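Line by line, the protein sequences give chains Y and F. Note that numbering that gives the first Met the number 0 gives residue 65 to position 66 of the first sequence, counting from 1, and the numbers run on in steps of one. Note that numbering that gives the first Met the number 0 gives residue 26 to position 27 of the second sequence, counting from 1, and the numbers run on in steps of one. All C-beta atoms, glycine included, are put in the ideal place defined by N, C-alpha and C. If you're wondering where the values come from, they're calculated on a predicted model, not measured in any experiment.
2 protein chains.
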Amino acid sequence: MKRLPDTELEVMKALWTTGPDTPRALLEEWLAPFGWAANTINTYLARLADKGFVAVRREGKSNLYTPLVGRDEYQAFDSRAVLDRLYGSPRNFVAALAREGMGQDELEELQALLDQLNGGRGK
Amino acid sequence: MKRLPDTELEVMKALWTTGPDTPRALLEEWLAPFGWAANTINTYLARLADKGFVAVRREGKSNLYTPLVGRDEYQAFDSRAVLDRLYGSPRNFVAALAREGMGQDELEELQALLDQLNGGRGK
DNA sequence: GGTTACCTACTTCAAGTGTAGTATGATAAT
DNA sequence: ATTATCATACTACACTTGAAGTAGGTAACC
Chain Y
0 MKRLPDTELE VMKALWTTGP DTPRALLEEW LAPFGWAANT INTYLARLAD KGFVAVRREG
60 KSNLYTPLVG RDEYQAFDSR AVLDRLYGSP RNFVAALARE GMGQDELEEL QALLDQLNGG
120 RGK
Chain F
0 MKRLPDTELE VMKALWTTGP DTPRALLEEW LAPFGWAANT INTYLARLAD KGFVAVRREG
60 KSNLYTPLVG RDEYQAFDSR AVLDRLYGSP RNFVAALARE GMGQDELEEL QALLDQLNGG
120 RGK
């Protein structure tokens, strides 16, 4: 797997949220804020298809694109790539966030998750 | 600040580790594993200089490059960019790592950091 | 049944990245 | 001085990414 560029990732995020969908619907329902031309979405979807991230199927007059890589799967891959690239360990990553000023809410959320990850394993 | 491409980041990592240094020394001492041609380093350093990440100074017969952006500073910026791009919160990022299989050691390190971040704040 | 509207496939184009070659000037070695 | 060496600045070039334009098919419209 390879890391996706920003724009393609945005399209994937839309697909992960909505499930299989047409370019037009994606643009109107999820990607409107980017202000892309209709064709632009098609370009990104074609590239994602090339890379094997989505499948294309003809559905009536439009194409229907289906994600082939799940959000969880991609995140698992990407998060590890992030560490390898610059941080080395989860600890260093979170330390960097802390320096930048992690919100109190974020900190608590994280703590809760850690408790769960550890507690789940039974001490 | 903008996120750096992989190769430029590798050069910055070398500079962060070694401090101000010449291209040749960087290549031989830190970047040899990449097998780059000598000129390649120069290109990356020139690009980093353009972007304001390093300063150049003439030192005898060679150039000496000094990092202008600190590792901590860059990491603080980058880590937040990572969240914005895909995860939304530290929690989600760590959850992704956990799915991918975080090591026991990594987990403990992280837990210790969290204790410290929280404990330091009293309570 | 020609025009309109929409859709996709293909092409384009500029900027950024990965990687290095060439030209040129200074230095060191004969 | 002449030549071999090395460092730097500039140039090159293929590939990727961000963004969209164009061409050509099908369906709907009147």
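Considering only the beta carbon of each residue, do Leu109 of chain F and Leu113 of chain Y sit closer than 8 Å?
yes
Would you kindly report the start and end of the unbroken alpha helix (DSSP H) that includes Arg90 of chain F?
Pro89 to Glu99
Whose CA, out of Y:Pro22, Y:Phe33 and Y:Gln74, lies closest to the CA of Lys138 of chain Y?
Any property of residue 138 of chain Y remains undetermined from this structure, which presents chain Y solely from 0 to 122.
Using only the alpha-carbon positions, how far apart do Gly102 of chain Y and Ser78 of chain Y sit?
20 Å
DSSP puts Asp83 of chain F in a beta bridge; with which residues?
DSSP output for Asp83 of chain F lists no bridge partner at all.
Can you give me the start and stop residues for the beta strand (DSSP E) that Pro66 of chain F sits inside?
Ser61 to Pro66
Return yes when the Cβ of Leu8 of chain Y is within less than 8 Å of the Cβ of Gly53 of chain Y, no when it is not.
The amino acid occupying residue 53 of chain Y in the given sequence is Val; Gly does not appear at that position. Result no, Cβ atoms of Val53 of chain Y and Leu8 of chain Y do not sit closer than 8 Å.
Cβ closer than 8 Å: which chain F residues qualify as neighbours of Ala95 of chain Y?
Asp71, Gln74, Ala75, Asp77 and Ser78
Check the Cβ-Cβ distances between Ser61 of chain F and every residue of chain Y, and say whether any is below 8 Å.
no
Considering only the alpha carbon of each residue, which of Y:Leu82, Y:Lys12 and Y:Asn41 lies closest to Asn62 of chain Y?
Y:Asn41
Going by beta carbon distance, what residues of the same chain come within less than 6 Å of Val10 of chain Y, once the five residues before and after it are set aside?
Tyr43
For chain F, check one thing: does any of its Cβ atoms lie closer than 8 Å to the Cβ of Phe33 of chain Y?
no
Would you say Phe92 of chain Y lies against chain F (beta-carbon separation less than 8 Å)?
yes
With the cut-off set at 8 Å, would you say Gln74 of chain Y and Ala95 of chain F are in Cβ contact?
yes
Report the neighbours of Val53 of chain Y on chain F: residues whose CB is nearer than 9 Å to its CB, in chain order.
Near Val53 of chain Y there are no residues of chain F at all, since even the closest Cβ is about 17 Å away, more than 9 Å.
Alpha carbon to alpha carbon, how far is Val81 of chain Y from Val81 of chain F?
8 Å
Are the C-beta of Lys122 of chain Y and some C-beta of chain F separated by less than 8 Å?
For Lys122 of chain Y, the pLDDT reaches just 46, beneath the cut-off of 50, and the residue's location in the model is therefore unreliable, leaving the point undetermined.
Same chain only: Cβ atoms within 6 Å of Met0 of chain Y, ignoring 5 sequence neighbours per side:
Phe76
On a CA-only basis, which of Y:Arg98, Y:Gly100, Y:Asp71 and Y:Tyr64 is nearest Gly100 of chain F? Give me that one, please.
Y:Asp71
Which one of Y:Gly118, Y:Val55, Y:Lys50 and Y:Thr6 has the shortest CA to CA distance from Ala31 of chain Y?
Y:Thr6
Residues of its chain near Pro89 of chain F, where Cβ-Cβ distance is below 8 Å and the 5 sequence neighbours each way are ignored
Leu82
Terminal residues of the continuous alpha helix (DSSP H) containing Ala24 of chain Y?
Pro22 to Leu25
So, does the CB of Asp5 of chain Y fall closer than 8 Å to a CB anywhere in chain F?
yes
In this structure, how does DSSP classify Arg57 of chain F when only helix, strand and coil are distinguished?
strand
Ordered along the chain, which non-local residues of its own chain (more than five positions away) have a Cβ less than 7 Å from that of Val55 of chain Y?
Ala48, Asn62 and Tyr64
What do you get for Asp20 of chain F, buried or exposed, if any count of 16 or more other CB atoms within 10 angstroms of its CB means buried?
buried
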